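Please read the structure below before turning to the comments.
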Amino acid sequence: MSYVVLIIALPFAAFLINGLLNRKLPHRLAGWLATGAIGVATALAWFTAFTYFFQSTSFEKIIPFQVTWLRFTETLQIDMGILLDPISVMMLVVITTVSFMVFLYSLGYMHGEKGFVRYYAFLSLFSFSMLGLVVATNLFQLYMFWELVGVSSYLLIGYYYDKPEAVAAAKKAFIITRFADFGFLVGILLLSYYTDTFDFAAITNPNHSAFTTMTGSSFLGISVLTWALMLIFMGGAGKSAMFPLHIWLPDAMEGPTPVSALIHAATMVVAGVFLVARMFPVFSFHAPEALDAVAFIGAFTLLFAAIIACTQTDIKRILAFSTMSQIGYMMLALGVSGYGEHGLGFTASMFHLFTHAFFKALLFLGAGSIIHAIHSNDIREMGNLRRHQPVTHIVFLIACLAIAGIPPFAGFFSKDEILAATLNSSLVYFAIAAFTAGLTAFYMFRLYFLVFWNRETVYEHKPHESSFIMLVPMIVSAVGSAVAGFIPFGKFVSSDSQPLHIEMNQTVANLSIVVAATGILIAWAFYKNESPLPEKIASTLKGLYRIAQKKFYIDELYLFITKKIIFNLISKPIAWFDRQVIDAFMDFTATATNKVSAEIKGLQSGQLQHYAYIFLSGVVLIVLIMIFNYA
Amino acid sequence: MMEHVPISHVLIVTSAMFFIGAYGFLTRRNLVTMLIGVELMLNAVNINFVIFDRYLFPNQIEGHFFALFIIAIAAAEAAVAIAIFINLYRNIRSINVEEVDKMKY
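Protein chains in written order, with our numbering: chain Y, 1162 to 1792; chain E, 7 to 111.
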């Protein structure tokens, strides 16, 4: 199965070619080159998945390719390789497929943009890094690709680098995820210090011997292993935009819309979920406290983001918060999951990741299609678009139904499994998850009705349906969103690689349908036609509404902490000390040297014979001294 | 034949040559004349090499070879020096050493 290397190498080759020949390549060629590369990778990924899942009976961890990259000692070395197991194969399929859609879509969406070739180079780099991340054989390789994902997201979010907001957003995304990655790195080092290995095969083996010593030693009453995993989760939370490290995600909407689709659907934000899933046996067996933290943060973010999403008016921001909320579902499901027999949450989480990739990609592609047509992100400037964009309307509706959890669309099945999994663990989590399911349906259909129904808006240009090349990926994703739910996911992906039999919990399913339908109905009543109701409710809940609209002032809180506390109380005194003491000392030595040399430079007259006189006098002097010393 | 000349005689000659050269180097203003001074000093040292070799180690010839090498190198050095003088003359129309003080500081 060594052809798996190609899945990763092809996007990288596309990145190199487009990146190095930036100005020399014609746009069309560059775009099709990158799209072709990812297309072949997609085909290979599907083929890999087919052979992996259907031609072998047990889902062992396979390493078809591995090279030693760095060798520190006999026992400690860092490899680069490819690890195939159910989740990485599943991720390969998701990433390549969504990337392919986005690449294809971008051919239309980005047509004629300045820096088109650069765009495709970065997009290829992004896919490459994410693919490298999911097949990593060890923590260190994962970390390297993890950082590559961070860099390429920075480059793509800041794609419109002449727009100050885009630059600020890119910086914000990079700094926050980088900050989280600091915790990740410390976690990796802690873990590998005690286990003497970076290898996933060894770390995720529940019987690995090193863990006993680690759980034995503790710090602040919590075992070192738990600390390590908490820190690793911190990295995951940063990339996956979990509270409180989520503030970069809404701003990341400054990038081109297809990039948002890629970031939100298949790459970047699911990296954190993947990380927890990858380390799941360790979490589950050795650090249940860390897993509880995952569940708690997941549940909190889930509700938190959904509430904010109800109040936003920027179409992409609504989708961004819905992503946060859906990722919260995945984290929650992982957090409440057990191992093996009780691994429903794990499977549900991966299932939701899979289905979410399709409908979230579709939502963003649809949003891009709308934005492309009317040149605005603000849903208050939209309305009645179903007349102008019939195809976009249909696929967007499918995506909304899928995310709201209406059968038979994909989101229903995965969300249902998550609800069932939370019910097994705690009623509180179940209540939050179920309530948020309704909230999700509400805000998605608020968006849908405001954009496609409601009043007729006067547009500057008459909106037109998007081009064929943009519609194709949307239709394909729509088909995916419609049918992906019927995959018996438990058979393929489970925490211990053994097929897991999942029965649908009829009560939970009915409940979730009712909740989702209620959400949709409320949205229908509020937003189908212009109505004063939403305004009324907003003004009754004045304070609360405002707080939610301002995203609970988390950004302001960050600014307060960084600007007021860290800058004023710590950085400024240090800066003063640096300028007034350290710099001043250095300046003093420099000025002193300068002054002295200015004074003594007159000794150099430029007259050769003066120098010769002095030289000769020196020689004579030395000779005299020697003579008198010896005599 | 050399045995009849005492070493001190030769040394007087070479010392005289050396200091005439040094004097010339320090007092002449013409660069070519200064170069002649340098050559005088060099050859004084050359003779010293040969003469000390002859008197101190009559069975060895290292001193002679030193002298030969120095002659070869001195020839190269003179060529370089004269090339510099020519360029200097082309630039400032003079080979007076007192006017060559552009490179100070």
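All C-beta atoms, glycine included, are put in the ideal place defined by N, C-alpha and C.
As the structure is a prediction and not an experimental result, all values here were calculated from the model.
Problem - Any C-beta of chain Y under 8 Å from that of ALA22/E - result: no
Practice task
Provide the residue span of the beta strand (DSSP E) that contains PRO1624/Y, from first to last.
Solution key: From DSSP, PRO1624/Y is part of no beta strand (DSSP E); its letter is neither H nor E.
Practice task
Can you give me, in chain order, the residues of the region 1751-1777 of chain Y that have a beta carbon less than 7 Å from any beta carbon in chain E?
Solution key: LYS1762, GLN1765, SER1766, GLY1767, GLN1768, LEU1769, GLN1770, ALA1773, TYR1774 and LEU1777
Handout entry: Endpoints, beta strand (DSSP E) assigned at LEU1244/Y
Key = 1238-1245
Problem - Span separating the alpha-carbon of VAL1263/Y from that of PRO1624/Y - result: 22 Å
Handout entry: Cβ of LEU28/E within 8 Å of any chain Y Cβ
Key = Correcting the residue type first, residue 28/E is Ala in the shown sequence and not Leu. Yes, because at least one Cβ of chain Y sits closer than 8 Å to the Cβ of ALA28/E.
Exercise for the section: Quick one: using the 10 Å Cβ neighbour count with 16 as the cut-off for buried, is ARG1279/Y buried or exposed? Expected result: buried
Exercise for the section: Work out the CA separation of LYS1400/Y and VAL1431/Y for me, nearest whole Å. Expected result: 8 Å
Practice task
Just the chain Y side, please: which residues come within less than 9 Å of VAL4/E by C-beta, in chain order?
Solution key: The shown model of chain E, from 7 to 111, leaves out residue 4/E, and the question about it has no answer.
Handout entry: Backbone CA spacing between PHE1591/Y and ALA1456/Y [nearest angstrom]
Key = 11 Å
Handout entry: Alpha-carbon to alpha-carbon, THR20/E and PRO12/E
Key = 13 Å
Problem - Cutoff 8 Å: LEU17/E Cβ touching any chain Y Cβ - result: no
Exercise for the section: Would you check if the region 1711-1720 of chain Y and the region 1629-1637 of chain Y touch, i.e. whether three or more CB-CB distances between them fall below 8 Å? Expected result: no
Exercise for the section: Sort out for me which residues DSSP pairs THR1154/Y with in a bridge. Expected result: Residue numbering for chain Y in the displayed model covers 1162 to 1792; residue 1154/Y lies beyond these limits and cannot be assessed.
Exercise for the section: Would you kindly report the start and end of the unbroken alpha helix (DSSP H) that includes VAL1228/Y? Expected result: No alpha helix (DSSP H) holds VAL1228/Y; the beta strand (DSSP E) holding it covers 1223-1232.
Problem - Beta-ladder partner(s) of ASN36/E, from DSSP - result: ASN102/E
Exercise for the section: Specify the secondary structure class of ASP1360/Y as computed by DSSP and reduced to three states. Expected result: strand
Problem - Segment limits, alpha helix (DSSP H) that includes PRO1419/Y - result: 1418-1426
Practice task
Could you tell me whether the Cβ of PHE31/E comes closer than 8 Å to any Cβ of chain Y?
Solution key: yes
Problem - Coil, strand or helix - ASP107/E by DSSP - result: coil
Problem - Distance between VAL106/E and LEU46/E (C-alpha atoms, nearest Å) - result: 23 Å
Practice task
Kindly provide the ranges of any alpha helix (DSSP H) runs that are 4 or more residues long and lie completely inside the region 1669-1748 of chain Y, ordered along the chain.
Solution key: 1694-1701, 1703-1710, 1715-1720 and 1733-1738
Problem - Contact belief for ASN1299/Y with ASP1246/Y at Cβ below 8 Å, rounded distance in angstroms - result: 14 Å between Cβ atoms; not a contact.
Exercise for the section: Would you decide whether MET7/E is buried or exposed? Buried here means 16 or more other CB atoms lie within 10 Å of its CB. Expected result: Any answer about MET7/E is weak, because its pLDDT of 48 lies below 50 and its placement is not dependable; what the coordinates show is given next. Classification of MET7/E: exposed, given that the 10 Å Cβ count is below 16.
Handout entry: PHE1650/Y and PHE1446/Y closer than 8 Å at C-beta
Key = no
Practice task
Check whether the Cβ of TRP1207/Y sits closer than 7 Å to any heavy atom of the ligand GTP, and report yes or no.
Solution key: The ligand GTP is absent from the structure shown, which contains no ligands of any kind.
Problem - contact_flag[the region 1413-1428 of chain Y, the region 1475-1484 of chain Y] where n(CB pairs < 8 Å) is 3 or more - result: yes
Problem - Cβ neighbours of HIS1188/Y in the same chain (closer than 7 Å, five flanking residues each side left out) - result: PHE1277 and VAL1278
Problem - Beta carbon of ASP1577/Y nearer than 8 Å to that of SER1673/Y - result: yes
Handout entry: Spatial distance of SER1700/Y from LEU1694/Y (CA atoms)
Key = 10 Å
Handout entry: Start and end residues, alpha helix (DSSP H) containing HIS1513/Y
Key = 1505-1535
Practice task
Note the first and the last residue of the continuous alpha helix (DSSP H) segment covering ASP1453/Y.
Solution key: 1449-1470
Problem - Length of the line joining the Cα atoms of TYR1355/Y and LYS1697/Y - result: 59 Å
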